[in-house]
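Structure first, then comments.
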Amino acid sequence: MRKEDQERAVQEVIGRVVGGVAERGSQALENAIADTLYWERQRIEKERPSAQRTRALARLDAQRRALLGGSDPERKRLLHELVEGFAREVLGYFDPKVHALATRAVPVGLRTLLKATSPRQLLRGSEHGLGGLEERLLVDGEVAHARALRERGTVVFCPTHSSNLDSIVLGYGMHEEGFPPLLYGAGLNLFSNPLVSFFLRNLGAYRVDRRKKAPLYKDVLKTYATVSLELGYHNLFFPGGTRSRGGHVESKLKLGLLGTALDAYYHNVKVRRPRPRIFVVPMVLSYELVLEAETLIDDYLREQGQSRYIITDDEFASPRRVLQFLSGILELDTRIHLTLMEPLDPFGNRVDREGRSLDGRGREIAIDRYLRGVDGELRRDPDRDREYTRLLGERVRDAFFRGNTVMPTHVVAYAAFAELRRLNPGADLYRLLRTGGNHESIPLPDLFRRVDELRGRLRALAAEGRLRLGERVATLGADDLIVLALRAFGTYHTRPALERVGDRIYHRDRNLLYYYRNRLVGYGLEDDER
Amino acid sequence: MSGGEHAPERDGYRYPLYRRNDRRLARDYRGPLYLWDIDNTYLVTEYRGLRDLVRLRFESAQDKRPVPGAVELLAALRKGEEGTSGVRPPIYFVSASPESLRGRLEKRMLLDGVLHDGITFRDLHKLRYLRDIFGFKLIALLLYRLENPPAAREVLFGDDLEHDPYVYPLYAQVCAGELRGDELREELLRRGVRRSASVYAAALAGELPTHDPVEWMVIRRLRRRPAAPDEDPRLVRVDDYAQAAALLRAAGFVSRSGLRAVLRAVRSAGGAADVLAPLRGLEDRLGSLEAVRTEAEPEEDAE
Chain Z
13 MRKEDQERAV QEVIGRVVGG VAERGSQALE NAIADTLYWE RQRIEKERPS
63 AQRTRALARL DAQRRALLGG SDPERKRLLH ELVEGFAREV LGYFDPKVHA
113 LATRAVPVGL RTLLKATSPR QLLRGSEHGL GGLEERLLVD GEVAHARALR
163 ERGTVVFCPT HSSNLDSIVL GYGMHEEGFP PLLYGAGLNL FSNPLVSFFL
213 RNLGAYRVDR RKKAPLYKDV LKTYATVSLE LGYHNLFFPG GTRSRGGHVE
263 SKLKLGLLGT ALDAYYHNVK VRRPRPRIFV VPMVLSYELV LEAETLIDDY
313 LREQGQSRYI ITDDEFASPR RVLQFLSGIL ELDTRIHLTL MEPLDPFGNR
363 VDREGRSLDG RGREIAIDRY LRGVDGELRR DPDRDREYTR LLGERVRDAF
413 FRGNTVMPTH VVAYAAFAEL RRLNPGADLY RLLRTGGNHE SIPLPDLFRR
463 VDELRGRLRA LAAEGRLRLG ERVATLGADD LIVLALRAFG TYHTRPALER
513 VGDRIYHRDR NLLYYYRNRL VGYGLEDDER
Chain F
5 MSGGEHAPER DGYRYPLYRR NDRRLARDYR GPLYLWDIDN TYLVTEYRGL
55 RDLVRLRFES AQDKRPVPGA VELLAALRKG EEGTSGVRPP IYFVSASPES
105 LRGRLEKRML LDGVLHDGIT FRDLHKLRYL RDIFGFKLIA LLLYRLENPP
155 AAREVLFGDD LEHDPYVYPL YAQVCAGELR GDELREELLR RGVRRSASVY
205 AAALAGELPT HDPVEWMVIR RLRRRPAAPD EDPRLVRVDD YAQAAALLRA
255 AGFVSRSGLR AVLRAVRSAG GAADVLAPLR GLEDRLGSLE AVRTEAEPEE
305 DAE
């Protein structure tokens, strides 16, 4: 956020959050403060002993005493203090000059680093066509549509989330397509790497500390996002909340953050802003290989349903693995697809290039009426708004599935896993993943037939617009897809998901196989496995 | 994939090499079987002296580059005729490189999408075998022959920088039963093969049925040296893999699309000037070249 807007945003956030609590009465005020102090104490007590920790605990004690002995105005001041602390901590800082430098430095830096993985290529230059990451990133879909809308309102980009590299890829890809810097919340853990932190901050990221569990902190985050939208900052939210642990296309979305689009639109209409519209653009990031796949799937399987929300020790934390991954991406001649889907309004309706909301028949809808009561007055109604946001969530989720670009690793992993299941009828999933069942390998001709059949079904789904096929999946035969997938699996991961020995395919890392296979779950293909 | 097996023992001796054969074909398999050299045949290997030897030793998989068209030809051979999804013809590599390079070479193959069924490397722990490339190649070929189905039809690929144009015809002679026992031992000694290795090769040869499986020997020409007048007529020297693909298309080993993929790759590297040159004079074995000539025409929209 630009310097000139920062103070305005902080004051607006404080006003709304404190006002919102205070208007619910004295008890709500006390509860909000007590809750926050409790959660903050829980968090700080888990930190390693240090002078900073001691000071923080002492401050919490003082605030607790102030809560217990204070009058309502004093409590309101205390709440103000807590909210302001959170708001100033969250606030992103954006310097256009540094942003310009950062976007120029990203491709150059990456190319240099990648060539440095082979000193010979560093000396030779790119004579063998080892281009930079920019050549590997394909931004497609409704790019022109989204570009037209940024002149007609404020845009919220909502991508799928597979990897910590997403933020960098998105920031860079959108810049290359001529979009202004996007404001987005990035986990505090991403800021631990100084280089990544530099790019994140200057590509528009603000800090989100997921260790802070206090509802008040979440309120501040949401309000900050709402205010920034109202100030005309295009935002980027990951509606899945966190990286997809199992490799699936996200189907459970966090509606709280999505709901800020409606909040911002409401405020814009209320204060009669000249360009009140908020547009939501779902985006899908599709990778042939995912940097942190090994850690993510382990986490998913170990604690299914109770995944570690913050992973700080994954592949992203290891510069060597990041370089290996990027170098693999370049060598494989594969592309990362960043697909922009059809823009929506905050109620989930389609939007045309002029920014008009359209109904199912393509007729224009006056959406400000959605926010008015029967008397025509603008009115907040939490139940109604929740329903609108739920509808928006459904449309975004639907767009995620339709925008998913299928890569050879997905097809071959799906087919191999289906074959593994066929060979082990009735086997429990976890046992199958752990032991591999009764067959340590699959005959190559059997996998070939599976891939061929699956490819046919995927083509039918693509023809119906239910998913997208990567160029190679669309054009190549089963033989070539298997070769490409084996190549990808063998290039980066510690152990390949699949490995060919002679005319048999060995499942070496079944967790990884399951991870890549999961990208095709949700399309009704599962019946094939039986 | 890593590691390999030693050669089997014969009379208490085994030749120093590491080998893998990951495929067990049915004994009645009558399809093609391909044997490839690696340096200068599959991969470009610039070797002019000790400095290059050190460089090659430390070269990463990413630095290694295939000969233009080699990857496409290997893929075409693997696929065989159009639309077939049954048994894929096996491909073996025989490399005079030390086994320590296995990881990098297999990584390169993985990156190129080259599917192989086994590789034989030299065991250079015994330095006295350093110069014995002739003996190594012949023994490696004989070991695969012993294991593989007798009726498999072999096509051998090599280059003329070292011994391939001499080893391959000799190997065919051995299989055909024309050169065995003492005669073979003496021939090998004459070619500088170590005595123990020549005895070993003769022992292996003695276990073979009398059947010559070699259909073609494709030699990548890197030296401007004319062929000997008595050279085996199955040995065809090619300037690039477009010519090799045309030969193998005419002989029924690769599909039309396979040929065109090789042509595209070679043409994009500036080759494929006269695709049919090495086929002229082979019409008695290949039949009319007209169909291949048409298929090898440059694609209108591609180039």
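Chains as they are written, first to last, in this note's numbering: chain Z, 13 to 542; chain F, 5 to 307.
Glycine included, every Cβ here is placed at the ideal spot set by N, Cα and C.
- Within the DSSP secondary-structure output, L21/F pairs in a beta bridge with R126/F.
- Counting only Cβ-Cβ distances below 8 angstroms, D121/F has contacts in chain Z at G514, D515, in chain order.
- At a cut-off of 9 angstroms, the C-beta of P72/F has no neighbouring C-beta in chain Z.
- Rounded to the nearest angstrom, the gap between the Cα atoms of L466/Z and V423/Z is 7 angstroms.
- Residue R24/F holds the alpha-carbon nearest to the alpha-carbon of E103/F among R24/F, E166/F, N44/F, T298/F.
- Taking a beta-carbon distance threshold of 9 angstroms, Q66/F counts as an interface residue toward chain Z.
- Residues of chain Z whose Cβ lies closer than 7 angstroms to the Cβ of R106/F do not exist; the shortest such Cβ separation is about 14 angstroms.
- Note on geometry: alpha-carbon atoms of S62/Z and R255/Z lie some 32 angstroms from one another.
- Chain-order list of chain F residues neighbouring V495/Z: A79, G117, L119, by C-beta distance under 8 angstroms.
- Think of a sphere of 8 angstroms around the beta carbon of R157/F: no beta carbon from chain Z falls inside it, the nearest being about 18 angstroms out.
- Of all residues in the region 162-193 of chain Z, none places a beta-carbon less than 9 angstroms from a beta-carbon of chain F.
- Cβ-Cβ separation between L149/Z and V181/Z: approximately 6 angstroms, consistent with a contact (criterion under 8 angstroms).
- For V239/Z, no beta strand (DSSP E) segment is defined; the enclosing uninterrupted segment is the alpha helix (DSSP H) at 227-242.
- Against chain F, the CB of R499/Z has a partner CB under 9 angstroms away; the residue lies at that interface.
- A distance below 8 angstroms between beta-carbons, with the five flanking residues on each side excluded, links L459/Z to the following residues of its chain, in chain order: V424, A427, A428, E431, I494, I517.
- Around the beta carbon of L145/F, a 10 Å sphere encloses 16 or more other beta carbons of the protein chains shown; the residue is thus reported as buried.
- Residue pairing from DSSP places N247/Z in a beta bridge opposite V168/Z, L195/Z.
- Here the alpha carbon of S174/Z sits roughly 8 angstroms from the alpha carbon of R257/Z.
- Within the same chain, and ignoring the five residues on either side of R462/Z in sequence, the residues whose Cβ sits closer than 7 angstroms to its Cβ are A427, A430, E431.
- Per DSSP, R314/Z is one residue of the alpha helix (DSSP H) stretching across 305-314.
- Interface with chain Z (9 angstroms Cβ-Cβ cutoff): R264/F is excluded.
- R297/F has a beta carbon lying at 9 angstroms or more from every beta carbon in chain Z.
- P70/F has L47/F as its beta-bridge partners, per DSSP.
- The C-alpha of V222/F lies about 7 angstroms from the C-alpha of V159/F.
- Under the rule that a run must span 4 or more residues, the alpha helix (DSSP H) segments found entirely inside the region 461-514 of chain Z read 483-487, 490-503.
- Taking the C-beta atoms as reference points, L81/F is found nearer than 9 angstroms to G262/F.
- When DSSP states are grouped into helix, strand and coil, T346/Z belongs to the coil group.
- Annotated as proximal: L445/Z and N523/Z, with beta-carbon spacing under 9 angstroms.
- Taken through DSSP and simplified to helix, strand or coil, L72/Z comes out as helix.
- Annotated three-state conformation of A156/Z is helix, per DSSP.
- CA-to-CA, the gap between L303/Z and I309/Z works out to about 12 angstroms.
- In the structure shown, the three-state DSSP call for G210/F is helix.
- The beta strand (DSSP E) runs of length 3 or more contained entirely in the region 103-148 of chain F are, from start to end of the chain, 122-126.
- Between R480/Z and G536/Z the beta-carbon gap is near 17 angstroms, outside 8 angstroms, which marks them as no contact.
- In the DSSP annotation of this structure, D163/F is not part of any alpha helix (DSSP H); the continuous beta strand (DSSP E) holding it starts and ends at 157-163.
- Taking all protein chains in view, the Cβ of S453/Z is crowded by 16 or more other Cβ atoms within 10 Å, so the residue is classified as buried.
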